[in-house]
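Asker:
Protein chains: 2
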Amino acid sequence: MLHALILAGGSGKRFWPLSRRATPKQLLAIAGKRTMIAETVARLRGLVPPSRVHVLTNRSTVAAMRKALPGVPARQIVGEPEGRDTTAAIGLGAALVASRDPDGVMVVLPADHVIEPAAAFRRTLAAAADAAKREGGLYVFGVKPNHPATGYGYIQRGPALTKSRGVRVFKVKRFVEKPDLATAKRYVADGGFLWNAGIFCWRASDILAAIAKYKPAIGAALEKIRASKGSPAVLNREFPRIEKISIDYAVMEKAPDVRMLEAAWGWDDVGSWTSVAAYLKRDAAGNSVAGDFRGVDVSNCLVLSDGHLVAAVGVRDLIIVRTKDATLVCHRDRAQDVKKLVDLLEAEKREAVL
Amino acid sequence: MLHALILAGGSGKRFWPLSRRATPKQLLAIAGKRTMIAETVARLRGLVPPSRVHVLTNRSTVAAMRKALPGVPARQIVGEPEGRDTTAAIGLGAALVASRDPDGVMVVLPADHVIEPAAAFRRTLAAAADAAKREGGLYVFGVKPNHPATGYGYIQRGPALTKSRGVRVFKVKRFVEKPDLATAKRYVADGGFLWNAGIFCWRASDILAAIAKYKPAIGAALEKIRASKGSPAVLNREFPRIEKISIDYAVMEKAPDVRMLEAAWGWDDVGSWTSVAAYLKRDAAGNSVAGDFRGVDVSNCLVLSDGHLVAAVGVRDLIIVRTKDATLVCHRDRAQDVKKLVDLLEAEKREAVL
């Protein structure tokens, strides 16, 4: 059977002041009417029912996640004792799936991406899941780049290996880390490099075996957790000791049989406030507004305000986000650096606004 | 005796969202610890006691003005039935002074300027008052320009006529309206042009006579108001019919004996948010901040916030003013246009934020 593991441990600092520790990005409806995690679960409808969805998140947000996902059984929304990067999270999720369904296949999904149309997405996942069930292997998903992004990892496509449900499955030649601009331009011109969407598919047993092979210590810890059948004491003891390493470094870049399917759907990791503008209507001056806003000579701004008038005069290329207790004014080109601001607030222990 | 008339009818739209109809600029402490009008009264200490201060303001702010000026007798804080420009206001004030003290000399002061040091200011006023008492004439005050301002009227200085208390008194050659930049540059280079500070001194009887001479209809209305000894019915009937014209157009540009004293003090009409920065401490990046602010790569900004975190990333030359129900983000070079924004809000009948 096909299961889904949703990784929902992110903090979403780049969406401050809307995102906070208690309401990280995946619990916000910043690109739709529902929270991003609810959209993520809904997107699987017809392929993976909520009863086979597992969510891994921070302990502090488990209650809010359960509220946001009423269809997902509460016990399947699990708080990690602490964040230990994706190898630990994916290994734990795979152990949960394998203990329930030893032959189970799983997709691994970030909680906070926008993917459309959902039907096309499900077709690609179904193709990968069929191939994984039939042939084994570790599957990733490549998105055709439309600009030389420097913020994503790239996958270099190898030869086509097979077809699954009519979708071509390629060998992955190699993974490359976030490139500089010149390199990214070469990748885009080359045509053989795709953005790594951060989505995976495999048999739970296959990824556990791969982790055990390349990271035996992590494999051993996961086996203890699996054997305990979800004992909180064992989880709390073993999990925080697991090496903090991404699944890309630990497994994907080493495993011999990594395969890629191409996305026949739009993908956006909604990485910063700049991305949000795309989900709002633009006025003639290029302003994307949600809430009460008035401007004189204002262009290309993103304004979010909740029950409070935000007014601007003679400005452009700004992101203005007003919340009840904090207001952000940020240049559009610096949206990534909102994280730096939050780090500053953390260093100053400004708990009330974190 | 020397009296003071403070003109406090301005709306201060340029200081939105801090200034509102109920709390215009002169009732704000934007350049000191006290409200601007309280500073204006305090600045006269030792020259004109509060018992001889008259204030003309909007009806809607009389109560707030009385609260802000506990030393000024309540009956001397008068609400104009409606704004009729400075000839009407000054004429009304002069009638009030003359009915109390027929030989009285008066200074006329805007309610919302910053003038320092106060002692030097009082010395200049005292010199003008002495000359007015002794010789008659209409007195204005010129401020040596330190830049080619296009937002002020200028006074062209004529020959020195006399000295009063050691201060030279010049004949005014002519008044010139707000010049364009090229003209303003010539004025500054010339050295014989000074900014018109909008401050006056004269015998109450002299300005009433001058108004009656150049604007007989206004003189007649004022005489009816004076003769009624402050009857609200007469004031309400006559005042709104008075021609709406500034004292500069109605009298100063026509009268033959207009004289000027030079300011030996700093003067600032605090015309927009840009001016406010000068009254706040600047950090190393040139930011002037009052309230809770954190920034990453922020320079040359003015930030005012009251009990709410304002944070900025990668911006410069902005004015950010946060109040309980409205927030302004404005480019420094566009501070004058905050008025346009308020006009827009007025057109939209956004009463709650006006």
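Protein chains in written order, with the numbering used here: chain A, -5 to 348; chain B, -5 to 348.
For glycine and all other residues, C-beta sits at the position ideal for the given N, C-alpha and C.
1. Taking Cβ positions only, does E345/B come closer than 9 Å to chain A?
2. Between the stretch 22 to 39 of chain B and the stretch 38 to 45 of chain A, do at least 3 Cβ pairs fall closer than 8 Å?
3. List, in order along the chain, the chain A residues whose C-beta lies closer than 9 Å to that of L12/B?
4. How about K207/B: is its Cβ closer than 8 Å to a heavy atom in the ligand PLP?
5. Ignoring anything shorter than 3 residues or poking outside the stretch 226 to 295 of chain A, list the beta strand (DSSP E) runs there in chain order.
6. Counting pairs of Cβ atoms below 8 Å between the stretch 172 to 180 of chain A and the stretch 127 to 147 of chain A, do you hit three or more?
7. Can you give me the start and stop residues for the alpha helix (DSSP H) that V56/A sits inside?
8. Taking DSSP's pairing of strands, which residues face R168/A in a bridge?
9. For L335/A, go through chain B and note every residue whose CB falls closer than 7 Å to its CB, in chain order.
10. Could you tell me which whole beta strand (DSSP E) segments of length 3 or greater appear in the stretch 179 to 216 of chain B?
11. With DSSP collapsed to three states, give me the class of I24/B.
12. Considering only DSSP beta bridges, list what A305/B is partnered with.
13. Hey, is R328/B's beta-carbon within less than 9 Å of any beta-carbon in chain A?
14. Anything in chain A within Cβ reach of A320/B, meaning under 8 Å, just list it in chain order.
15. According to DSSP, what are the bridge partners of G224/B?
16. Could you say if the stretch 251 to 262 of chain A and the stretch -1 to 12 of chain A meet the contact criterion of at least three C-beta pairs nearer than 8 Å?
17. Cβ closer than 8 Å: which chain B residues qualify as neighbours of D331/A?
18. Considering only the alpha carbon of each residue, which of K238/B, I71/B, A62/B, K223/B lies closest to A(-2)/B?
19. Quick check on K218/B: does DSSP put it in helix, strand or coil?
20. Skipping 5 residues on each side, what residues in its chain have a beta carbon closer than 8 Å to that of V163/B?
21. Could you please give the first and the last residue of the uninterrupted alpha helix (DSSP H) stretch that includes L335/B?
22. Count the other CB atoms, across all protein chains shown, that sit within 10 Å of the CB of K19/B; report buried if there are 16 or more and exposed otherwise.
23. Which residues share a DSSP beta bridge with R316/B?
24. Looking only at DSSP bridge pairs, what is A329/B linked to?
25. Is the beta carbon of V297/A closer than 9 Å to that of S282/A?
26. May I ask you to verify whether the stretch 273 to 293 of chain B touches the stretch 45 to 64 of chain B, counting CB pairs closer than 8 Å and requiring at least 3?
27. So V137/B and W261/B are in contact, right, with Cβ under 8 Å, and what is the actual spacing, rounded?
28. Determine the extent of the alpha helix (DSSP H) in which T81/B is found, giving its start and end residues.
29. For the beta strand (DSSP E) containing V101/A, name the first residue and the last one.
30. Against V245/B, what residues of chain A qualify as contacts under a CB-to-CB distance less than 8 Å, listed in chain order?
31. Any C-beta of chain B within less than 8 Å: which residues of the stretch 128 to 162 of chain A qualify?
32. Establish whether the CB of C324/A and some CB of chain B are separated by less than 9 Å.
33. Using the C-alpha atoms, what's the distance from V108/A back to K333/B?
34. From the DSSP output, in three-state form, read off R128/B for me.
35. Over the uninterrupted beta strand (DSSP E) stretch that includes A36/B, give me the two end residues.
36. For a test of the three-state rule: what should DSSP assign to K138/A, helix, strand or coil?
Answerer: In short, the structure shows the following:
1. Position 351 of the second sequence, counted from the first residue, corresponds to residue 345/B. Closer than 9 Å: no.
2. No, because fewer than three Cβ pairs between the stretch 22 to 39 of chain B and the stretch 38 to 45 of chain A fall closer than 8 Å, the two stretches do not touch.
3. As a working mapping, residue 12/B is identified with position 18 in the second sequence. Using a Cβ-Cβ cut-off of 9 Å, L12/B is close to nothing in chain A; its nearest Cβ partner there is about 13 Å away.
4. Ligands are entirely absent from the displayed structure, and the ligand PLP is therefore not among its contents.
5. Listed in chain order, the complete beta strand (DSSP E) runs (minimum 3 residues) inside the stretch 226 to 295 of chain A are 252 to 256, 260 to 262, 282 to 284, 287 to 293.
6. Judged by Cβ distances under 8 Å, the stretch 172 to 180 of chain A makes contact with the stretch 127 to 147 of chain A, as three or more pairs qualify.
7. Here residue 56/A is taken as the residue at index 62 of the first sequence, counted from 1. For V56/A, the enclosing alpha helix (DSSP H) begins and ends at 56 to 62.
8. For the purposes of this step, residue 168/A is taken as residue 174 along the first sequence, with counting starting at 1. BP columns for R168/A point to Q150/A.
9. For the purposes of this step, residue 335/A is taken as the residue at position 341 of the first sequence. By Cβ distance, chain B contributes R288, V290, A305, V307.
10. Counting only runs of 3 or more, we get 187 to 197.
11. Walking along the second sequence from the start, residue 24/B turns up at place 30. In the structure shown, the three-state DSSP call for I24/B is coil.
12. Working through the second sequence from its first residue, we reach residue 305/B at position 311. Note: A305/B sits in a beta bridge opposite L322/A, R288/B.
13. For the purposes of this step, residue 328/B is taken as residue 334 along the second sequence, with counting starting at 1. With 9 Å as the cut-off, R328/B counts as an interface residue toward chain A.
14. On the second sequence, residue 320/B is found 326 positions in, with the first residue counted as 1. Per Cβ cutoff of 8 Å: H302, L303, V304, A305.
15. Position 230 of the second sequence holds residue 224/B. Paired residue(s): none; G224/B is not in a bridge.
16. These segments do not touch.
17. Position 337 of the first sequence, counting from 1, holds the residue named residue 331/A. Those within 8 Å of D331/A in chain B are V290, D291, V307, G308.
18. Numbered from 1 along the second sequence, position 4 holds the residue referred to as residue -2/B. For the residues K238/B, I71/B, A62/B, K223/B, the minimum Cα distance to A(-2)/B belongs to I71/B.
19. The residue you call residue 218/B lines up with position 224 of the second sequence. Here K218/B sits in helix by DSSP.
20. Here residue 163/B refers to the residue found at position 169 of the second sequence. Beyond the five residues adjoining it in sequence on each side, V163/B comes within less than 8 Å, by CB distance, of A121, A122, A125, Y133, A154, L155, T156, K157, R253, M254, L255 in the same chain, given in chain order.
21. The sequence position of residue 335/B within the second sequence is 341, counting from 1. Segment 332 to 341, the alpha helix (DSSP H) holding L335/B.
22. Locating residue 19/B in the second sequence gives position 25, where the first residue counts as 1. By the neighbour-count rule (16 or more Cβ atoms within 10 Å), K19/B is buried.
23. Locating residue 316/B in the second sequence gives position 322, where the first residue counts as 1. In the DSSP output, where bridge partners are listed per residue, R316/B has S299/B, T321/B.
24. As a first step, residue 329/B must be located in the second sequence, where it is residue number 335. Residue pairing for A329/B: DSSP places it in no beta bridge.
25. Here the question's residue 282/A lines up with position 288 in the first sequence. Here the question's residue 297/A lines up with position 303 in the first sequence. Yes, Cβ-Cβ distance for S282/A and V297/A is below 9 Å.
26. Contact fails: fewer than three Cβ-Cβ distances are below 8 Å.
27. Along the second sequence, one-based indexing puts residue 137/B at 143. Along the second sequence, one-based indexing puts residue 261/B at 267. At roughly 5 Å, the Cβ-Cβ gap stays under 8 Å, so V137/B and W261/B are in contact.
28. Sequence index remark: in the second sequence, residue 81/B carries index 87 (1-based). In the DSSP annotation of this structure, the continuous segment of the alpha helix (DSSP H) that includes T81/B starts and ends at 79 to 94.
29. Working through the first sequence from its first residue, we reach residue 101/A at position 107. Run containing V101/A: 99 to 104, per the beta strand (DSSP E) assignment.
30. The residue given as residue 245/B occupies position 251 in the second sequence. None at all; the shortest Cβ gap to chain A is about 36 Å.
31. Listed in sequence order: no entries.
32. Position 330 of the first sequence, counted from the start, is the residue given in the question as residue 324/A. For C324/A, the nearest CB of chain B lies under 9 Å from its own CB, placing it at the interface with that chain.
33. The residue you call residue 333/B lines up with position 339 of the second sequence. The residue you call residue 108/A lines up with position 114 of the first sequence. Those two C-alpha atoms are separated by around 41 Å.
34. Here residue 128/B corresponds to residue number 134 of the second sequence, with the count starting at 1. If DSSP states are grouped into helix, strand and coil, R128/B belongs with the helices.
35. Walking along the second sequence from the start, residue 36/B turns up at place 42. Residue range 30 to 36 is occupied by the alpha helix (DSSP H) that includes A36/B, with no beta strand (DSSP E) assigned at that position.
36. In the first sequence, the residue the question calls residue 138/A occupies position 144. Here K138/A sits in coil by DSSP.
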